[in-house]
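A.B. asks: Sequence positions in the sequence shown follow the numbering used here and run 89 to 252.
Note that the Cβ used here is the ideal one computed from N, Cα and C, for glycine as well.
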Amino acid sequence: MSLNKEILRITARYHPLVYSQLYEYLYEETVYGKKLNKRSLSTVLNRMKRNGLLKNKDGKWSPTAGGRVYLEKINTGIKKFFTPGTIVSNRRKFKRIIIVFDIPEKKRRYRDWLRMELVGFGFTLIQKSVWLGPGLPKEFIEYLDEAGLLKHIRFFHAEEKDLI
C-alpha cells in the first residue's frame, strides 16, 4: 500500500489532524512497520494537496471530496468489517492470535485490504505478512473464505505465557 493511500485512510478516519498527530498515527498504524521520515511526509502531504486529495485548514489535514472518492475506488466491492471508533478499543484487547499470509500479487487489492482490516481489528505488525492480535469475528473468517483468501492465510493461537 502506498503512503498516499495510508495518509488518505488515516485522515478520512480521524480528520482533521495536525501534522504531529498524522505522523503519530502513521507511525503506529503503517503497514510498512518502519519509521517514517518527517521530511518525506511533508513532501507527500504537499504533493497530495497540490493533486487535490488533501486540504490543510489552520494546520489541520483532512481529505477533500476528491480524496474520499479516490479512497473509496481503491476498495470498491470489498466488504469492511470495523468502524473507525473501534480501532482504539481494539488495540487494547488481549493479543493471542498470530496470522501469517502469503496472498498472490494478482490479489494485491485484497492483500492491502486485509492489512487495513487487521489494523482496524487491533492487530500489530510483526513482519510484512505476520500479525499479532485479538480474535477475529466469525463473519470476517467466512468472508475470507468467500473471497478465496483463506487458503493463503494461516492462524496460530498463542497464550500470553507463550509470547516472549
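Buried or exposed for Val176, going by 16 or more other Cβ atoms inside 10 Å?
C.D. replies: With a pLDDT of 47 at Val176, under the threshold of 50, the modelled position of that residue is not reliable, and no figure is offered here.
A.B. asks: Let me check one thing: in DSSP terms, what residues is Thr99 bridge-paired to?
C.D. replies: None; Thr99 has no bridge partner.
A.B. asks: Checking 7 angstroms against the spacing of the C-beta atoms, do Ile186 and Leu220 come in under that value?
C.D. replies: In this structure, Ile186 sits near Leu220, with a CB-CB distance shorter than 7 angstroms.
A.B. asks: Could you say if the region 147-161 and the region 209-217 meet the contact criterion of at least three C-beta pairs nearer than 8 angstroms?
C.D. replies: These segments do not touch.
A.B. asks: Given this structure, state the Cα-to-Cα distance separating Lys226 from Ala100, to the nearest angstrom.
C.D. replies: 27 angstroms
A.B. asks: The alpha helix (DSSP H) with Thr152 in it runs from where to where?
C.D. replies: It is not in any alpha helix (DSSP H) - Thr152 carries neither H nor E in the DSSP assignment.
A.B. asks: Restricting to Cα atoms, I'd like to know which of Phe182, Ala235 and Lys183 is closest to Gly202.
C.D. replies: Per the sequence shown, residue 202 should be read as Leu rather than Gly. Taking the Cα of Leu202 as reference, the smallest distance to any Cα among Phe182, Ala235 and Lys183 is reached at Ala235.
A.B. asks: Which residue from Gly223, Arg197 and Lys194 puts its Cα closest to that of Gly208?
C.D. replies: Out of Gly223, Arg197 and Lys194, Gly223 has the C-alpha closest to the C-alpha of Gly208.
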